[in-house]
Amino acid sequence: MMARLSTDAARLNTMPKTSATNTPFHIVFGGDSYLNEQTVRDQCVAAQRKYPDAELIELDAMGADHYAFDEAVSPSLLSDRAIVKIVNLQGADEKLGDAMVEYCRQACKDPTDCSIVICQHEGGVKGKRLVDQLTKAGADKQVVPDLKKADAKLNFVMQCFDRRNRRVDPMAAQQLVAVLGEKTGELAARSPSCVLISTTIQWD
Numbered sequence: 001m002m003a004r005l006s007t008d009a010a011r012l013n014t015m016p017k018t019s020a021t022n023t024p025f026h027i028v029f030g031g032d033s034y035l036n037e038q039t040v041r042d043q044c045v046a047a048q049r050k051y052p053d054a055e056l057i058e059l060d061a062m063g064a065d066h067y068a069f070d071e072a073v074s075p076s077l078l079s080d081r082a083i084v085k086i087v088n089l090q091g092a093d094e095k096l097g098d099a100m101v102e103y104c105r106q107a108c109k110d111p112t113d114c115s116i117v118i119c120q121h122e123g124g125v126k127g128k129r130l131v132d133q134l135t136k137a138g139a140d141k142q143v144v145p146d147l148k149k150a151d152a153k154l155n156f157v158m159q160c161f162d163r164r165n166r167r168v169d170p171m172a173a174q175q176l177v178a179v180l181g182e183k184t185g186e187l188a189a190r191s192p193s194c195v196l197i198s199t200t201i202q203w204d
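The following block contains the structure:
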C-alpha cells in the first residue's frame with residue numbers, strides 16, 4: 001500500500017504546469033520563501049513578455065500609500081500599462097488596501113488595457129482579510145507549498161529534474177534533500193538547470 005503523501009507533496013503533484021488567465025490581479029501567498037519569491041519573479045517575467053512595452057514598477061506595501069498605488073496603476077508618459085509588483089502585502093494599511101480592492105474589482109470586470117498587479121504575501125493571518133477581499137473582487141490567488149515535509153522536498157527535486165527531461169536516481173535525490181533540505185534555493189541550484197514547480201502564468 002502506498003504511503004499517503006503530505007499535504008505539500010500532494011499540492012506539488014496537483015499544481016498545473018501552466019496556467020492561462022486574463023485576470024490582471026494576482027496574489028502569491030505564503031509557503032516556502034524561496035518558492036514564493038521565485039513565483040513572483042516568474043509572473044513578472046511572464047507579464048513582461050506579454051507586454052514588452054509596459055513599465056515595471058515595484059512597491060513595498062510596508063511603506064507605500066494609496067496615492068503611490070493609484071499612480072503606479074495609472075497610464076504614464078512612458079507607458080499606458082504598467083506591471084506593478086507589490087511585496088509585503090501583509091503590511092498594507094487600510095487606505096492602501098481599499099484602493100487595491102477597488103482597482104481589482106474594476107480591472108477584473110474590464111481587464112482591457114489595465115495594469116497588471118502581482119502581489120507577494122508572506123502567509124499567515126496578518127493581512128489575510130485583505131487577501132480575502134481581493135480574492136472576492138476577482139484576484140487570482142496562488143498558494144505556495146511550504147516544503148516542510150521530506151516527501152514534498154523530494155518531490156520538488158524530482159520535478160526539477162523532470163522539467164528538464166533529466167533523470168535522477170531516487171536515492172541520489174534523497175541524499176540531496178538530506179544535505180540541503182532546509183535550503184530550497186540550493187536544492188534548486190544543485191538540480192541541473194532547475195525550473196521551479198511554481199505555476200507559470202501565460203498572459204493571453
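1 is the number of the first residue of the sequence shown in our numbering; add one for each residue after it. Cβ atoms here follow ideal geometry from the backbone N, Cα and C, with glycine treated the same way.
Whether residue i touches residue j by CB criterion (9 angstroms)
{"i": "valine 125", "j": "phenylalanine 29", "result": "no"}
{"i": "cysteine 44", "j": "isoleucine 83", "result": "yes"}
{"i": "leucine 89", "j": "phenylalanine 69", "result": "no"}
{"i": "methionine 62", "j": "glycine 31", "result": "no"}
{"i": "isoleucine 57", "j": "leucine 134", "result": "no"}
{"i": "glycine 40", "j": "glutamine 106", "result": "Per the sequence presented here, residue 40 reads as valine, with glycine not at that position. The answer is no: Cβ separation not under 9 angstroms."}
{"i": "aspartate 80", "j": "aspartate 113", "result": "yes"}
{"i": "leucine 130", "j": "isoleucine 86", "result": "no"}
{"i": "tyrosine 103", "j": "phenylalanine 25", "result": "yes"}
{"i": "glutamate 55", "j": "leucine 78", "result": "yes"}
Terminal residues of the beta strand (DSSP E) in which residue i lies
{"i": "alanine 82", "result": "82–87"}
One or two residues paired with residue i in a DSSP bridge
{"i": "leucine 56", "result": "Ile83"}
{"i": "aspartate 140", "result": "His26"}
Residue i classed as buried or exposed, judged by whether at least 16 other C-beta atoms fall within 10 angstroms
{"i": "asparagine 22", "result": "exposed"}
{"i": "serine 115", "result": "buried"}
{"i": "methionine 171", "result": "exposed"}
{"i": "proline 145", "result": "buried"}
{"i": "proline 75", "result": "exposed"}
{"i": "aspartate 140", "result": "buried"}
N-terminal and C-terminal residue of the alpha helix (DSSP H) that residue i is part of
{"i": "valine 45", "result": "33–50"}
{"i": "alanine 72", "result": "66–73"}
Quick check for students: name the residue ranges of the alpha helix (DSSP H) that lie wholly in the segment 88–124, counting only runs of 4 or more. Qualifying alpha helix (DSSP H) stretches, in chain order: 94–109.
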